[in-house]
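Note that the numbering used here has the sequence shown beginning at 2, numbered continuously upward. We put the beta carbon where it would ideally sit given N, CA and C, even for glycine. Below is one structure, written out as C-alpha cells, with a few remarks after it.
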Amino acid sequence: MASDVEPINPGQASAAGRLCNFTTGQSRLLSSHIAWLDATVIPLLRNTANPWVDVFGYASRSGDAQFNKRLSDQRCQAVVDHIKAAVSGVSFPQQFGYGESQSGGRDNDNDGYWRAVELYVYATGRPPAPAPTPPPAPNFVCGPDVTTQVRETWSRIQVEFRARSRRDKISLCNEILLPVKDPAGLVKEVTDSLLGGKVPDLNALLAKVRAHAKIDGWDVIPLYQGASEWLRTPPIFDPALNGPMATPSSSDYANPDPFAAGHEDEATCSNTVQVAGQCWLNGSVNYGTYGIMVRLCSEFAASDIFIPNTLSKNPFDHPLKFNPVVRAIYSLLWATMLIKAYKKFGNNPEGAIIPVAWTKATFEGGPAATPGLTGNRPKCQFSAGPDGSIVTWDYVWEPLKPRDAAKLPK
C-alpha cells in the first residue's frame, strides 16, 4: 500500500512528492499531506524570489470518469489553496487534473496510490523549457492470468471427490478438518458429552486440536508457495529482462528457499497471479481450494444416511447426517476457526482475513467465485503475456492424493 507521501524523482525541481491516499471521493488534504507541505515545501517557497509549483492531480478508476476528472482538479486546488494561504507570490504555471486517465489497474481499482497529487517545487530560477511532465507510474506488473486453470482444477476436485467411496471421503475430510491422530476417538468423546441435545462447543474442541493446527494436507500445486518458482523464472520472469511479468520479482531473488520472505515481499509483484481481474499472491488464491474441499465435506455429511453398524462405537460407522459433532466439524465455521488458529500458531504467523475470504467465497459460490476484496497486490498492473496454461496443474488432498505423487508446475 502506498504511503501518504511517496518520494518521486524531482528532476530539475528543488523538491517533489506524491501525496497519496486521498479519501475516496474527496479532495481534502490529509494531516500527513499538510505536515509534509509545511515542513518541506513552504520553507523553500518562503526563501525564494518568484518561486512556482507545478501541480498534477489524479483519481483512481473507481467510479465515473467525468467525476474523477473533476475530483483530480479539486485535489490540485486543495494543494494550491494550502500553499497560497501560507506564502504569497507563488505562481502555478501547470495545474492540471488527469482524472483516472493515468491510473493503473482494472476498472474499480481504488488503490490509494492513484488517489493522489504530484507537485514539483521550483525555488532556483525560471522554469526549464519545456516544462516538466509527471514521470510514469512505477513498472509494477502482475503475474499470469490463471483464472481458467484455477476454475478447471477446482471443478476437477469436485468431480473426483464425489466419485469416491464413503470411507475415502471421510478420510479426506478428516485430513483437512480434524488434524489429530485419532479423529474417531475425539468425535466420540465430544459426542458422548452432548447430553440433552446440547450444541457442540467448537471453541472447546479447537482447544483440543490447537496443538495440531495443521491444515496443509491440501494444495493446488501452482498456487503453493513451495512450488512457486515458475512465477520467478522464464517465460514469466526473466532476470535479464526484469520481466515481462511478475515484476519486480523477489527482493531475495537468489535465495533457493521457496519460503524465503522476499519471495512474497509486498513491495514487489513476486509470486503473483491474476484471477478475475485482480492481482493476488498465488498463495492467497490457494485458500479457495480449501473452500471447495470444505464445501464438499459439508455436503457429504449433510446427505450421509449410511446404514449403521450398530455394534461399532466408531461414530463414522453411523450416519453422519445425524451426528451434530461431525456436522459442526465439516462446516465453514469450523474451517475458518482452523485457519485463524493455523495463522496464529503456525510457522509463519500472519493475518487470516484474506485466507478466510477466499475460503468463504468458494465455499459459498463454487469454482467461479472470488472474494469481494481488492487483490492484495493492487499496484501490480496487467500486461499481455503467458497465462497459467504454460504449466501443469495438479492438486494435493492427503492422504489419497499425496503431495509426493502430484505433478509439479512445469
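message = To the nearest angstrom, how far is the alpha carbon of residue 331 from that of residue 375?
response = Reading the sequence shown from its first residue, position 330 is the one you call residue 331. Reading the sequence shown from its first residue, position 374 is the one you call residue 375. Going from the Cα of residue 331 to the Cα of residue 375 covers about 29 Å.
request  = Could you tell me the distance, in whole angstroms, from the CA atom of residue 317 to the CA atom of residue 333?
outcome  = Position 316 of the sequence shown, counted from the start, is the residue given in the question as residue 317. Position 332 of the sequence shown, counted from the start, is the residue given in the question as residue 333. Rounded to whole angstroms, residue 317 to residue 333 spans 20 Å at the Cα level.
query = What beta strand (DSSP E) runs, 3 residues minimum, are completely inside the region 41-126?
reply = If we require 3 residues or more, the beta strand (DSSP E) runs fully inside the region 41-126 come out as 53-58, 96-98 and 118-123.
query = Looking at the unbroken beta strand (DSSP E) that takes in residue 275, where does it start and where does it end?
reply = To locate residue 275, count along the sequence shown from 1; it is residue 274. Residue 275 -> beta strand (DSSP E) spans 273-276.
request  = Please list, in chain order, all residues of the same chain as residue 413 whose beta carbon is under 6 Å from its beta carbon, the five residues on each side excluded.
outcome  = Here the chain has residues from 2 to 411 only, and residue 413 is not among them.
request  = Report the residue ranges of all beta strand (DSSP E) runs contained in full by the region 222-254; include only those spanning at least 3 residues, in chain order.
outcome  = none
query = So residue 280 packs on residue 379, CB below 8 Å; how close in whole Å?
reply = By one-based count along the sequence shown, residue 280 stands at place 279. By one-based count along the sequence shown, residue 379 stands at place 378. In this structure residue 280 touches residue 379 by the C-beta definition: roughly 7 Å separates them, less than 8 Å.
ask   = Whose C-alpha, out of 397, 78 and 123, is nearest the C-alpha of residue 158?
value = Residue numbering aside, residue 158 sits at position 157 when the sequence shown is read from its first letter. Taking only the C-alpha atoms, the option nearest residue 158 is 397.
message = On the CB-based measure, 16 or more other CB atoms within 10 Å of its CB, does residue 411 come out buried or exposed?
response = Position 410 of the sequence shown, counted from the first residue, corresponds to residue 411. Residue 411 should be labelled exposed.
Buried versus exposed call for residue 14 [16 or more other C-beta atoms within 10 Å across all chains shown] = As a working note, residue 14 is residue 13 in the sequence shown. So residue 14 ends up on the buried side.
inquiry  = What would DSSP say about residue 312, mapped onto helix, strand or coil?
reply    = Position 311 of the sequence shown, counting from 1, holds the residue named residue 312. Three-state DSSP puts residue 312 in coil, outside helix and strand.
ask   = Hey, residue 409 and residue 228: beta-carbon distance below 7 Å or not?
value = For this step, residue 409 is matched to residue 408 along the sequence shown. For this step, residue 228 is matched to residue 227 along the sequence shown. It is a contact, given that the beta carbons lie within the stated cut-off.
request  = Would you mind stating whether residue 6 and residue 37 have Cβ atoms separated by less than 7 Å?
outcome  = The residue given as residue 6 occupies position 5 in the sequence shown. The residue given as residue 37 occupies position 36 in the sequence shown. Result yes, Cβ atoms of residue 6 and residue 37 sit closer than 7 Å.
Expected contact under 8 Å - CB spacing of residue 66 and residue 101 to nearest Å = Against the sequence shown, residue 66 aligns to sequence position 65. Against the sequence shown, residue 101 aligns to sequence position 100. The pair is a contact, with the Cβ atoms about 6 Å apart (cut-off 8 Å).
ask   = So what's residue 147 in DSSP terms, helix, strand or just coil?
value = Translated into the one-based positions of the sequence shown, residue 147 becomes position 146. In this structure, residue 147 counts as coil in the three-state DSSP scheme.
key: residue 276 to residue 311 span [Cα, whole Å]   = Locating residue 276 in the sequence shown gives position 275, counting from the first residue. Locating residue 311 in the sequence shown gives position 310, counting from the first residue. Approximately 49 Å between the Cα atoms of the pair.
query = Of the choices 59, 61, 147 and 42, whose alpha-carbon is the least far from that of residue 52?
reply = Working through the sequence shown from its first residue, we reach residue 52 at position 51. Nearest option by C-alpha distance: 42.
query = What distance in whole Å lies between the Cβ atoms of residue 35 and residue 54, which are believed to be in contact at a cut-off of 8 Å?
reply = Counting from one through the sequence shown, the residue named residue 54 turns up at place 53. Counting from one through the sequence shown, the residue named residue 35 turns up at place 34. So it is not a contact: roughly 15 Å between Cβ atoms.
ask   = Tell me, which residues are paired with residue 373 by DSSP?
value = Along the sequence shown, one-based indexing puts residue 373 at 372. Partner(s): none; residue 373 has no beta bridge.
Endpoints, beta strand (DSSP E) assigned at residue 8 = Within the sequence shown, the letter at position 7 stands for residue 8. Its beta strand (DSSP E) spans residues 6-8.
query = Under the rule that 16 or more other beta-carbon atoms within 10 Å means buried, what is residue 8, buried or exposed?
reply = Taking the first residue of the sequence shown as 1, we reach residue 8 at position 7. Sixteen is the threshold: since fewer than 16 other Cβ atoms of the shown chains lie within 10 Å of the Cβ of residue 8, the residue is exposed.
query = Between the C-alpha atoms of residue 33 and residue 2, what's the straight-line distance to the nearest angstrom?
reply = Stepping through the sequence shown from its first residue, residue 33 is reached at position 32. Stepping through the sequence shown from its first residue, residue 2 is reached at position 1. Distance between the alpha carbons of residue 33 and residue 2: 15 Å.
query = Where does the unbroken beta strand (DSSP E) through residue 284 begin, and where does it stop?
reply = Translated into positions along the sequence shown, residue 284 becomes position 283. Element bounds for residue 284: not the beta strand (DSSP E) but the alpha helix (DSSP H), 283-304.
query = Just checking my contact of residue 169 with residue 401 at CB under 8 Å: how many whole Å lie between their CB atoms?
reply = On the sequence shown, residue 169 is found 168 positions in, with the first residue counted as 1. On the sequence shown, residue 401 is found 400 positions in, with the first residue counted as 1. Yes, they are in contact, since the Cβ atoms of residue 169 and residue 401 sit about 6 Å apart, within 8 Å.
key: Endpoints, the beta strand (DSSP E) within which residue 398 is located   = For the purposes of this step, residue 398 is identified with residue 397 of the sequence shown, where counting begins at 1. Residue 398 -> beta strand (DSSP E) spans 396-398.
query = When we look at the beta-carbon of residue 349 and count the other beta-carbons within 10 Å, is it buried (16 or more) or exposed?
reply = To locate residue 349, count along the sequence shown from 1; it is residue 348. The predicted model places residue 349 with a pLDDT of 49, which falls under 50 and marks its position as unreliable; any figure quoted below should be read in that light. So residue 349 counts as exposed.
query = In three-state terms, what does DSSP make of residue 142?
reply = Position 141 of the sequence shown, counted from the start, is the residue given in the question as residue 142. The three-state secondary structure of residue 142, taken from DSSP, is strand.
Beta-carbon gap between residue 288 and residue 360 smaller than 7 Å = As a position in the sequence shown, residue 288 is number 287, starting the count at 1. As a position in the sequence shown, residue 360 is number 359, starting the count at 1. For residue 288 and residue 360, yes; Cβs fall inside 7 Å.
query = Which same chain residues, not among the five before or five after residue 327, have their C-beta less than 8 Å away from its C-beta?
reply = Stepping through the sequence shown from its first residue, residue 327 is reached at position 326. Answer for residue 327: 188, 302, 316, 317 and 321, listed in chain order.
inquiry  = Considering only the alpha carbon of each residue, which of 221, 91, 240 and 370 lies closest to residue 47?
reply    = Along the sequence shown, read from residue 1 onward, the residue named residue 47 stands at position 46. When only C-alpha atoms are compared, the closest one is 91.
inquiry  = So the candidates are 62, 244 and 219; which of them puts its Cα closest to the Cα of residue 387?
reply    = Position 386 of the sequence shown, counting from 1, holds the residue named residue 387. Nearest C-alpha to residue 387: 244.
task = Put residue 197 into one of helix, strand or coil per three-state DSSP.
result = What you label residue 197 is simply residue 196 of the sequence shown in a count that begins at 1. Because residue 197 sits at a pLDDT of 48, beneath the cut-off of 50, its placement in the model cannot be relied upon, and the following sentence gives the value as read from the coordinates. Helix.
task = With distances taken Cα to Cα, identify the nearest neighbour of residue 294 among 254, 308 and 220.
result = Here residue 294 refers to the residue found at position 293 of the sequence shown. Of the candidates 254, 308 and 220, the one whose C-alpha sits nearest the C-alpha of residue 294 is 220.
ask   = Where does residue 388 sit, in a helix, a strand or coil, going by DSSP?
value = Numbered from 1 along the sequence shown, position 387 holds the residue referred to as residue 388. The answer is coil: DSSP assigns residue 388 none of H, G, I, E or B.
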